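What follows is a single structure, written as structure tokens, with notes after it.
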Amino acid sequence: MAVLKKVIKLRTVVSSSAGLAMATSCYLAGLQVAIMTVGELAWISILVAGGLCLLSAMCFSELTSLFPTAAGIKLYIQHAFNEKTAIAISMFYVIGGATIVGAESYLLSSVLIESVGVILHPIADRFFWQVIFIVLVGYVNFKGVVITGRIQDFLTYSMLSFLICVGLYTFWISGVDISTAIESPRFTIENVFTATALGVFLFVGFEWVAPLAEETEDYKMVGKGMMLAIALLSITYSVFVVAMYSGLTEEQLHSGTTIPHIIFARNLFGPVGAAVFICMSILASFTSFNSGILNNSRFVYAMARANIIPRVFSKLHSENASPWVAIISLVGFAIVLSFLILITEQFLFIIVMAAALECFIYVVMALCVIRLRRILPDRERAFKVPFGSVIPVVTILVFAALMLGMFIDTTRDSLGNILFHNYWCAVAMLIFACLTSFYAFKIVPGLKQAAEARAKSRKRRRPPKVQN
Amino acid sequence: MARSEDIMEALKDYKIQCNNNKRLRRMQRDWTKLIHFLAEDTGDTFTMDVVKGEIITVQAGKEGTPDVFITANSEDMCDMFWGDLNPAQKYLDGEIRVKASQEDVQRIDAITMIIWPDT
């Protein structure tokens, strides 16, 4: 294997993977998990969700070691099935995943309104903050600024340590009554299962670290990093979510707040604590969203260069070499989504949909592991999931069950009122999947044919071979 | 299968095309990298030294520790340097493999796109 001047270390793979998953929406999703079961026992659902994500991380690790490239997901599916299916699913996954931005910017705007207060009007202010945040991240990407490994390490590890310390401090000063919680009528297998499904959302994005495989010394490192990141996140969320639940009053728990972590910090440490959590929220959203725009804009650029989407998306800026059309399109998409969330206030719809999308992609990845072992049995794998096909099969069954379980459930507010039936998430995802499939199977062949025709009409520059 | 001399000839033309392209030079002005290429079917290796967007040298063999390592078959490599092949397509299909940071991967493809926009 080639040795490069600069390589990424394991600690940076872990921090990048965990950092991608940690965002402002995780605090709210964590509280939802706690409310679904019994707050003091939310850690059970979080640990189970983390454990299940570990199974999926093992599948991702095998695939990454098989194809250590940024083109990852498309390539796995392409080799396991075919190119059109790969295009349809990877577009579905990437664009679907980008919808999280809508929920994230909505929640972050709540945090910012909390910190600076209402200036004009709650809705106008919220939209203002959403747009400012999205445009700022877009601008950073446009200028080609990249968060270095060391900064990512510092941000992620300080956030994880801080959350664990705050959680332990809360337990120390107020304690947690586990025995009463176990006797609660809400502590049922069904509730734990439903909360586990939503708990998967807490880990959304850990796999986006796969493109770093091209920057590591050992391909196994990415897989190891993903698993360590999940383990770290599981512990951190388990401690912090239970602490946050314990640190909120009954009234606050049922107020339907979008900023439980800020209220919790204020309860515990006063305005200074709230200010620290506001800063952390902004940083978490920024790093997570920045990586999202960075990865997605490169994906859009690569798709355009490969004639899968119109060529205009591959335009590069003359000064920064950044794919500016892709970045502006993603920023526009994020602003439209944020506006839709703003007027509908259905950010939980996006969170449920994102969790279901994640379950779906885990099922697909496990299927790819099984198929690729048959299609490419002799190809070198730096990591192979142990116990034959048992873990991939379990991954398929568990995540398919979690996804279906999520779809037949309903999402309620903190007072128990139904917000929406989750089957609407399935309907939205189905419509979107149909659109990406239509695009992959009907539009892409036309684009490819046009590109081939262009290539044929172009005079080859390479001199013809001289026959000996 | 392309011979080492064929690839070297392609590389020399590639160097001229890159260095004469003002837009590319401006875009890559802060890009200094040592790039190794491996033709996996023949085992031939090549080194390209890029300093502030200008290709200073191209030579057969491996020199120094690279920032970027590119593996492809010799025919694809030759076609790529002559501008007859879309490297992004081959990369997405897993036929060209790159070990580098994500930014460098995109910059390398950008070179081809700028000097031969119709590939």
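Which chain is which? The protein sequence lines are A and B, in order.
Numbered per this note's numbering, the first sequence spans residues 1 to 468.
Numbered per this note's numbering, the second sequence spans residues 469 to 587.
Glycine included, C-beta positions come from ideal geometry on N, C-alpha and C.
Note that this is a predicted model, so its numbers are computed, not measured.
Backbone CA spacing between residue i and residue j [nearest angstrom]
i: Gly-446 of chain A; j: Thr-513 of chain B; result: 38 Å
i: Gly-270 of chain A; j: Ile-263 of chain A; result: 9 Å
i: Ser-105 of chain A; j: Glu-358 of chain A; result: 20 Å
i: Gly-51 of chain A; j: Ala-57 of chain A; result: 10 Å
i: Thr-500 of chain B; j: Gln-557 of chain B; result: 25 Å
i: Leu-465 of chain A; j: Pro-377 of chain A; result: The amino acid occupying residue 465 of chain A in the given sequence is Lys; Leu does not appear at that position. Each residue's Cα considered, the two are about 36 Å apart.
i: Asp-418 of chain B; j: Asp-517 of chain B; result: The shown model of chain B, from 469 to 587, leaves out residue 418 of chain B, and the question about it has no answer.
i: Val-276 of chain A; j: Tyr-157 of chain A; result: 16 Å
i: Ser-246 of chain A; j: Glu-190 of chain A; result: 23 Å
i: Ser-542 of chain B; j: Asp-474 of chain B; result: 9 Å
i: Val-519 of chain B; j: Ser-457 of chain A; result: 35 Å
i: Gly-273 of chain A; j: Phe-127 of chain A; result: 26 Å
i: Thr-410 of chain A; j: Gly-416 of chain A; result: 10 Å
i: Lys-224 of chain A; j: Ser-61 of chain A; result: 8 Å
i: Glu-217 of chain A; j: Val-398 of chain A; result: 33 Å
i: Tyr-439 of chain A; j: Lys-74 of chain A; result: 15 Å
i: Ile-408 of chain A; j: Val-427 of chain A; result: 12 Å
i: Leu-41 of chain A; j: Val-242 of chain A; result: 7 Å
i: Ala-453 of chain A; j: Thr-515 of chain B; result: 34 Å
DSSP bridge partner residues for residue i (one or two, in chain order)
i: Ile-418 of chain A; result: A:Arg-412
i: Glu-477 of chain B; result: DSSP lists no partner for Glu-477 of chain B.
i: Lys-567 of chain B; result: B:Phe-537
i: Lys-501 of chain B; result: B:Val-518
i: Thr-513 of chain B; result: B:Leu-506
Start and end residues, alpha helix (DSSP H) containing residue i
i: Gln-346 of chain A; result: Run containing Gln-346 of chain A: none; DSSP gives neither H nor E here.
i: Phe-277 of chain A; result: 260-305
i: Ala-528 of chain B; result: From DSSP, Ala-528 of chain B is part of no alpha helix (DSSP H) but of the beta strand (DSSP E) over 522-528.
i: Tyr-559 of chain B; result: 555-560
i: Glu-217 of chain A; result: Run containing Glu-217 of chain A: none; DSSP gives neither H nor E here.
i: Tyr-106 of chain A; result: 100-116
i: Leu-4 of chain A; result: Here Leu-4 of chain A belongs to no alpha helix (DSSP H), and DSSP marks it neither H nor E.
i: Pro-122 of chain A; result: 122-142
i: Gly-76 of chain A; result: Correcting the residue identity first, residue 76 of chain A is Tyr in this sequence and not Gly. Tyr-76 of chain A -> alpha helix (DSSP H) spans 72-80.
i: Asp-544 of chain B; result: 542-550
i: Asp-153 of chain A; result: 149-174
i: Ser-179 of chain A; result: 178-182
i: Phe-387 of chain A; result: Unbroken run through Phe-387 of chain A: none, as it is neither H nor E.
i: Leu-248 of chain A; result: Run containing Leu-248 of chain A: none; DSSP gives neither H nor E here.
i: Ala-42 of chain A; result: 42-66
i: Pro-445 of chain A; result: 444-457
i: Glu-190 of chain A; result: 189-199
i: Leu-19 of chain A; result: According to the sequence provided, residue 19 of chain A is Gly. The question's Leu does not apply to it. First-last of the alpha helix (DSSP H) with Gly-19 of chain A: 10-21.
i: Gln-32 of chain A; result: 24-36
i: Tyr-439 of chain A; result: Counting along the chain, Tyr-439 of chain A falls outside any alpha helix (DSSP H), and DSSP gives it neither H nor E.
i: Leu-212 of chain A; result: Where Leu-212 of chain A is concerned, there is no enclosing alpha helix (DSSP H), given that its DSSP letter is neither H nor E.
i: Arg-471 of chain B; result: No alpha helix (DSSP H) contains Arg-471 of chain B, which DSSP labels as neither H nor E.
i: Arg-381 of chain A; result: Segment: none, Arg-381 of chain A is in no alpha helix (DSSP H) and carries neither H nor E.
Cross-chain neighbours of residue i in chain B, by beta carbon under 9 Å
i: Leu-268 of chain A; result: Here the premise fails: no neighbours, minimum Cβ distance about 39 Å.
i: Leu-402 of chain A; result: Near Leu-402 of chain A there are no residues of chain B at all, since even the closest Cβ is about 31 Å away, more than 9 Å.
Within chain B, the residues that residue i reaches when beta carbons sit closer than 8 Å
i: Phe-67 of chain A; result: Gly-562
i: Leu-75 of chain A; result: Leu-560, Asp-561 and Gly-562
Under 9 Å by beta carbon: chain A residues contacting residue i
i: Asn-554 of chain B; result: Arg-305, Ala-306, Asn-307, Ala-451 and Ala-455
i: Gln-570 of chain B; result: Ala-70, Val-146, Pro-211, Leu-212, Glu-214, Glu-215, Leu-294, Asn-295 and Arg-298
i: Gln-496 of chain B; result: Ala-321
Amino acids of chain B, ordered along the chain, whose beta-carbon sits closer than 7 Å to that of residue i
i: Val-3 of chain A; result: Thr-533
i: Tyr-301 of chain A; result: Gln-574
Any non-hydrogen atom of the ligand MN within 7 Å of residue i CB
i: Asp-378 of chain A; result: In terms of ligand content, the structure shown is empty, and the ligand MN therefore cannot be addressed.
Chain A residues whose Cβ lies nearer than 7 Å to that of residue i
i: Arg-491 of chain B; result: Ser-318
i: Ala-578 of chain B; result: Leu-316 and Ala-321
i: Asp-547 of chain B; result: Arg-462
i: Asp-586 of chain B; result: Arg-454 and Arg-458
Chain-ordered chain A contacts of residue i [CB-CB under 8 Å]
i: Gly-551 of chain B; result: Arg-461
i: Gln-557 of chain B; result: Arg-305, Ala-306 and Asn-307
i: Ala-478 of chain B; result: Arg-462
i: Met-581 of chain B; result: Arg-305, Ser-314 and Leu-316
Tell me which residues of the segment 379-390 of chain A have at least one Cβ-Cβ distance to chain B shorter than 9 Å, keeping chain order.
none
Mind listing which residues of the segment 356-380 of chain A have their C-beta closer than 8 Å to chain B's C-betas, in chain order?
none
Taking beta-carbon pairs under 7 Å, can you tell me which members of the segment 320-341 of chain A lie near chain B?
Ala-321
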